[in-house]
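Protein chains in written order, with this note's numbering: chain A, 348 to 1023; chain B, 8 to 88; chain C, 290 to 456. Just so you know, even glycine gets a beta-carbon here, dropped at the ideal spot from N, CA and C. The next block holds one structure in the form of structure tokens; read it before the comments.
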């Protein structure tokens, strides 16, 4: 047993009353404990053992105390044990929810020079009280190990034992613990006296000099008595009394001054170590739902659907009013100039006035799209949308924020391309711009809806959905390819601030809406008008005689179409489809109207007329071509502006045409193969 | 002192930023957002792959996982309470 | 939990069931109408018949149905959390309420737009072919409107949260 006692690590448990010391004692010793008496006193002495591997830990549970003065039996027991029995480790159990008061004892243990480990207990209660404590920071500040524990749940026990063993085996080495200096006015007295003590060999062997100094300045009776019995002690006691006198004159009661000094240090440590725990705010609660692993993306789609329904259905009457209004105007002005050609150009069914009307009829939609987008962005939601989409988008080499311009492309590609400005990284932005035209815009929808209804009847919805899906799939495919070829490299690192939710400003939304709407208008009017003019001239000029003609088949445009026909024979197109496609280059809105003119039918009957002339498979192929090929002129202008380069603009046109041709060919070939 | 990447903290855990191991551009961006050495950072959302949501001070920031791997923190309690 | 809290959760449960129910109906009708029209399903409706119209009118639209289902799930989640974590549960109630409100507004906008679309020719003395009626409108008074109104009382439960965001 004596042999074992050498390898044994001697541990004392200290701490305030009610901090959970006995619970920890029980955790560590379990059945291996024994309750007796402190010799000569009526206070319980609890001691026990804990075995860990081949190590034996002997644990004494010291009486709970708030301090280590000489004024009570418990305190005397505790400090005498530490001074005379010299335990290898003193575990100071600190109640985290009462940190300041508990650290007062810790200060004194460190003054004693004990080898302290702090068990930071009741951390859960501290958190419930709104306090957040950084154990590592506390460790840093005090220079002693800090082990967080929750005694009733036995959390931290293993770490505590390990630390005890680690420190216990270093017993011969220097003690840890920072030399915590108190404020200068107090410290100078301590250091003076300490200096005297250090010279007394016998004293130093028994007691920690700094501790003795502090105790003498406090006038500790027990220490005075103990010192008087040691060689050189009386001298120190006298010096101590003198300094105490002096201190008393300068600072008042020395005991109070020293206690204050201790608390000053404690307060400053605590301020650095304890933070306030946040209460859940409304923004937090919302984010918990909107960023939810399962609900996040569905909610995003719900918001998108809402956005689009509001914009499309809400703007529809205004779009109709504008369209009808200009049609009426055009009709009213027919015959104004008296010159048939100019008349036709300006007031004809596909003339300039109608063209203006077609362009304007899009403005309410664009404005409403932007108005609501502004509200969504302002509220802070869009950042959450980018967050939930980020993972999926990243897989395709796109940034999470790309989803927004992509969605906007379903309304109109022009504002969508401008919207790519929200994407910070240039390569991401370029890819977003170059793939946006594949998003089925509103203008193409007009054409497709009419055709789908006529050709596919009940299945029109399916057909339209398939076209949307095709566009999206191709967009992702092209993005992946671009990412691997021209825009090599990783998607930009995702760093995005999620602002707090706030009430969006309607005024700002209105301004943005007006801004975007007028931007579209300016671009569109200029470009489309010129385009319409050219088309008008080409359509009304006889290819052979160069005079005005109302027969489209004789026009220049028809000649152009016929000359290109061989290229499109594999796709089963005739010259009229080619011409309509060329018209569509100017503005997709007018493909339907252009077709109507070419077939000599009204816009209402054109779909059924086409149904009689063409095969559904061929028509579907045609629709995919219209979906994929070069975007309208306004889009091209937007691409040119936002990419700042003709190279990429031409690239977009080129790949659009190529991809459109290939897909159309695939569909027509496979379709006829399978369905005959 | 154990340093772990921010990406390894689980939901609810707190850490203190120690070091940012990234290129100049990204480091600048992170610093500008408030992710600076010494700052206390809490993980709000981190489930599966995909970006994580953290909180520094009053600010909520979303970071891609790759970015979160480059922010070295020292963790607090080993258990989220 | 006090009496007032309980009644909100009862409301949330009712809403959850109704949203899920109408969501499934709309999705089914929509899926059939749009994608598998050869299945001629019955004209499924769950509502009060007024003249030719139903209130609410579960018009066929799979996406609209999915949205209703999502809102239903959100309210269900809030009930599920109401015991374990009432704070988080409030977040779901809040979100559900916001979405319900947005859809209600949408339905009103749709009705207004359809009416305007029918009667605008009057602006320049044109003719109106088909006057607008509730049953002629594809949306009519849809579940979005009715359920949005039923969800309104949740406002009082989530009012403190709303005040935090909009002081």
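Please confirm whether residue 28 of chain B has its beta-carbon closer than 9 Å to some beta-carbon of chain A.
Taking CB atoms only, residue 28 of chain B has no neighbour in chain A less than 9 Å away.
Name the DSSP beta bridge partners of residue 26 of chain B, please?
Answer by DSSP bridge pairing, in chain order: B/79.
Going along chain A in order, which residues have a C-beta closer than 7 Å to the C-beta of residue 402 of chain C?
660, 661, 663, 664
Just reading off the alpha helix (DSSP H) that residue 374 of chain A is part of, what are its end residues?
368-376
Return the chain-ordered list of same chain residues with a C-beta closer than 8 Å to the C-beta of residue 447 of chain C, the five sequence neighbours on each side being excluded.
379, 382, 383, 386
Euclidean distance between Cα positions of residue 15 of chain B and residue 318 of chain C:
47 Å
Can you give me, in chain order, the residues of the region 49-76 of chain B that have a beta carbon less than 9 Å from any beta carbon in chain A?
Look at the region 49-76 of chain B: the residues with a C-beta under 9 Å from a C-beta of chain A are 49, 51, 52, 54, 55, 56, 57, 58, 60, 62, 65, 66, 67, 68, 69, 70, 71, 72, 73, 74.
Since residue 395 of chain C contacts residue 653 of chain A with CB under 8 Å, what's their CB separation in whole angstroms?
Between residue 395 of chain C and residue 653 of chain A a beta carbon distance of about 6 Å is seen, short of the 8 Å cut, so the two are scored as contacting.
Check the Cβ of residue 627 of chain A against every Cβ in chain B and list those closer than 9 Å, keeping chain order.
Simply none; closest approach about 10 Å.
Go ahead and pull the three-state DSSP assignment for residue 446 of chain C.
Residue state for residue 446 of chain C is assigned as helix, using DSSP reduced to three classes.
Cβ closer than 8 Å: which chain A residues qualify as neighbours of residue 315 of chain C?
What residue 315 of chain C touches in chain A: nothing, since even the nearest Cβ is about 13 Å away.
Spell out the partners DSSP gives residue 502 of chain A in its beta bridges.
A/497
From A/869, A/989, A/911, A/849, pick the residue whose C-alpha is nearest to that of residue 453 of chain C; which is it?
Checking every option, the nearest Cα to that of residue 453 of chain C belongs to A/849.
Report the residue ranges of all alpha helix (DSSP H) runs contained in full by the region 419-486 of chain A; include only those spanning at least 4 residues, in chain order.
420-427, 446-459, 470-475
Check for me: the beta strand (DSSP E) holding residue 344 of chain C runs from which residue to which?
Going by DSSP, residue 344 of chain C is part of the beta strand (DSSP E) stretching over 342-344.
Considering only the alpha carbon of each residue, which of A/647, A/514, A/672 lies closest to residue 436 of chain A?
A/514
Return the CA-CA distance between residue 712 of chain A and residue 719 of chain A, expressed in angstroms with no decimal places.
11 Å
Which residues in chain A have a C-beta closer than 8 Å to the C-beta of residue 10 of chain B? List them in chain order.
Per Cβ cutoff of 8 Å: no residues; residue 10 of chain B is ~12 Å from chain A at best.
For residue 632 of chain A, go through chain C and note every residue whose CB falls closer than 8 Å to its CB, in chain order.
376, 377, 379, 380, 383, 450
By a C-beta neighbour count over all protein chains shown, 10 Å radius and 16 as the cutoff for buried, is residue 414 of chain C buried or exposed?
Looking at its Cβ environment, which holds fewer than 16 other Cβ atoms inside 10 Å, residue 414 of chain C is exposed.
For residue 453 of chain C and chain A, any beta-carbon pair shorter than 9 Å?
Chain A places a beta carbon closer than 9 Å to that of residue 453 of chain C, counting this residue as a contact.
Is there a C-beta anywhere in chain A that falls below 9 Å from the one on residue 37 of chain B?
yes
Classify residue 359 of chain A as helix, strand or coil using the three-state DSSP reduction.
strand
Can residue 785 of chain A and residue 811 of chain A be called in contact, C-beta distance under 9 Å?
no
Does the beta carbon of residue 72 of chain B fall short of 8 Å from some heavy atom of the ligand GDP?
This structure simply doesn't include the ligand GDP, nor any ligand for that matter.
Based on DSSP bridge pairs, tell me the residues matched to residue 902 of chain A.
A/889
Check whether the Cβ atoms of residue 427 of chain C and residue 348 of chain C lie closer than 9 Å to each other.
yes
When DSSP labels each residue in this structure, what does residue 405 of chain A get in the three-state scheme?
strand
List the whole-angstrom C-beta distance separating residue 766 of chain A from residue 752 of chain A, where the pair is believed to meet the contact cut-off of C-beta under 8 Å.
The C-beta distance from residue 766 of chain A to residue 752 of chain A rounds to 4 Å, short enough to fall under 8 Å.
Could one say the Cβ of residue 510 of chain A lies closer than 9 Å to chain B's Cβ atoms, at least one of them?
no
Would you mind working out which of A/989, A/641, A/956 sits nearest residue 770 of chain A, comparing C-alpha positions?
The option with the nearest alpha carbon to residue 770 of chain A is A/989.
In this structure, what does DSSP give as the bridge partners for residue 66 of chain B?
Residue 66 of chain B is bridged by DSSP to B/63.
Does the separation of the CB atoms of residue 555 of chain A and residue 450 of chain A fall below 9 Å?
no
Leaving out the 5 sequence neighbours to the left and right, which residues in its chain are closer than 6 Å to residue 482 of chain A when beta-carbon positions are compared?
467, 493, 495
Nearest-angstrom Cα separation, counted from residue 581 of chain A out to residue 589 of chain A:
13 Å
Let's test the definition: count the other Cβ atoms within 10 Å of the Cβ of residue 362 of chain A and tell me whether it reaches 16, buried, or not, exposed.
buried
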